[in-house]
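See structure below.
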Amino acid sequence: MMRMVQALVAVVLVGGMCSCVRFRLNPWAKPAKDAAATEATAAVAPVPEAAIAVPSPTLICKRTPAPIVVDGRREVLWDHGIAVTRFFVPPGCTEPLSKTEVSCMWDDKALYVLFQAQDKDVWSDLLEHDDSTYLNDVLEFFIAYGDFDDELQYVNFEVNALGTVYDAHSPVWPLRNLGHRWKRWNCLDLKVAVTVQGTLNDYRDEDQGWTLEMAIPFSSLPWMQDRAQPRVGEEWRGHFARWDYSVYLPEGKEISSTTPFTRVNFHQADKFQRLYFQR
């Protein structure tokens, strides 16, 4: 007879916002992830770019006609956004088994992101800010600004299914491999909300997935200190990514991105997609 599981409510405070997630403890916890695993996963050999005939799609950030409530739910306002549904598994740029949909919108004050991730086995256990969230089910957003021939900087956000945030700033992109990525940077007033369609951390049943909604204040981005918001038509760079750990996946894990990377490394800023702000 199956052992009873205890229901808990986890309260996660992120950027001053309280996000509550209800989940069940798994009495047969999964084995810990390999501590030697890294975001780069360098052991996977790259694929020559010439062998991958996949164009990098443009990302469109539409202006929202009304304020968006960040509650981890897809409201009608998101119909005004342009959803991206095509993700690629590096290095071969194959189609992922775990489907993901993402949209971004903006207003005078913030950049909004909505992820909807299909997932039969939603799993996360890290609770501390700036934990290694890529060792959990996590959704990621990278934003870059600047000139590749001069100085390009980027920030990245990772949020797991508990609402735990990792945020970092890479101030000078060419030095990215020399350790100049500042996870000590925090995005002030960042708002994050997560809802789980299923039971968190219980692999014995099949979940539907989870939803992440976030609001990134323009005033908190390092390159926006002298202006309030982007211009209509302005170009940034970026991409959306995902780490999915699941007992239903053949290898137990799958990573994917909206950028067709030919190396397993989400920090290749020169490969980020063009992101345009539109009305």
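Counting from 1, one number per residue, gives the positions in the sequence shown under the UniProt record's numbering.
The C-beta atom is built at its ideal place from N, Cα and C for all residues, glycine as well.
Quick caveat: nothing in here was measured; it's all calculated off a predicted structure.
Buried or exposed, going by whether 16 or more other CB atoms sit within 10 Å of the CB of residue i?
i, result
"L127", "exposed"
"A66", "exposed"
"L188", "exposed"
"D125", "buried"
"R274", "exposed"
"D270", "exposed"
"G233", "exposed"
"I255", "buried"
"T195", "buried"
"T133", "buried"
"R237", "buried"
Rounded to a whole number of angstroms, what is the C-alpha to C-alpha distance between residue i and residue j?
i, j, result
"A168", "K183", "4 angstroms"
"W106", "R263", "31 angstroms"
"A241", "P260", "11 angstroms"
"V159", "V89", "19 angstroms"
"M2", "Y203", "Its pLDDT being 31, under 50, M2 is placed unreliably by the model, and the measurement read from it follows with that caveat. Taking the straight line from one Cα to the other gives about 13 angstroms."
"A37", "S56", "Confidence is the limiting factor: at A37 the pLDDT is only 40, short of 50, which leaves the residue's position unreliable, though a coordinate-based value still follows. Each residue's Cα considered, the two are about 27 angstroms apart."
"A193", "C93", "30 angstroms"
"A83", "E101", "6 angstroms"
"F277", "D205", "41 angstroms"
"H267", "T164", "20 angstroms"
"D131", "N156", "14 angstroms"
"D147", "V172", "10 angstroms"
"S257", "R227", "30 angstroms"
"L249", "R231", "42 angstroms"
"L221", "N201", "33 angstroms"
"R63", "Q229", "12 angstroms"
"C61", "A110", "12 angstroms"
"E235", "G72", "27 angstroms"
"S170", "L59", "21 angstroms"
"F141", "P91", "19 angstroms"
"R279", "D79", "14 angstroms"
"T85", "L162", "23 angstroms"
Residue i bridges to which residues according to DSSP?
i, result
"C61", "F277"
"E95", "According to DSSP, E95 bridges with nothing at all."
"E251", "Looking at the DSSP assignment, E251 forms no beta bridge with any residue, so it has no partner."
"A144", "Y154, R237"
"C104", "V113"
"T262", "The partner list for T262 (beta bridge, DSSP) is empty, contrary to what the question assumes."
"E198", "One point to set straight first is that residue 198 is Gly, not Glu, in the sequence displayed. Answer is none; G198 lacks a bridge partner."
"H129", "None; H129 has no bridge partner."
"T211", "Q116, T195"
"L139", "V159, R242"
"Y228", "For the sequence presented, residue 228 should be read as Ala rather than Tyr. DSSP lists no partner for A228."
"S257", "F88, A241"
"A168", "N156"
"P217", "A110"
"W182", "H169"
Take residue i and list the residues in its own chain whose beta-carbon comes closer than 7 angstroms to its own, dropping the five residues that flank it on each side.
i, result
"D119", "S98, D137, D207, G209, W210, D244, S246"
"N186", "D167"
"M224", "F218"
"R74", "L114, Q116, T211"
"P96", "F87, V89, E254, S256"
"I143", "Y154, V155, W236, G238"
Short of 6 angstroms in beta carbon distance, which residues of its chain neighbour residue i, apart from the five on each side in sequence? Order them along the chain.
i, result
"G198", "V122, D207, Q208"
"L68", "This sequence places Ile at residue 68; Leu is not what is there. The residues are L77, Y112."
"F115", "V102, L139, L212"
"G81", "K62, S103, M105"
Ordered along the chain, which non-local residues of its own chain (more than five positions away) have a Cβ less than 8 angstroms from that of residue i?
i, result
"G252", "Y245, S246"
"H129", "V14, T164, V165, Y166, N186"
"Y145", "L152, Q153, Y154, L221, W223, W236, R237"
"D108", "A228, Q229"
"F272", "F142, A144, Y154, R237, G238, H239, T259"
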